[in-house]
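To start, the structure itself, in structure tokens.
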Amino acid sequence: MKLVRFGLLTTIPISVIGIIQNEVGYFSVALALLIVFSLIQKGGVQQ
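Numbering (our numbering), first residue to last: 34 to 80.
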């Protein structure tokens with residue numbers, strides 16, 4: 034779970050930067066979030 038929390042802490046600033054840069058950056062971050070949440074639902078990221 035520490036990896037999940039670390040991922041969220043690193044993803045939020047990246048998403049903010051993406052929004053500031055352009056809509057394409059925001060879309061890529063949203064897509065990355067969907068992938069992360071889908072992995073969490075499947076039982077977390079495999080180490």
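Ideal Cβ positions, reconstructed from N, Cα and C, are used throughout, including at glycine.
Source: prediction; values computed, not measured.
For residue i and residue j, which I take to be in contact (beta-carbon distance under 8 Å), what is that distance rounded to the nearest angstrom?
i, j, result
"Ile68", "Val37", "Ile68 to Val37, Cβ: 13 Å. No contact."
"Thr44", "Leu64", "12 Å between Cβ atoms; not a contact."
"Val62", "Ser48", "4 Å"
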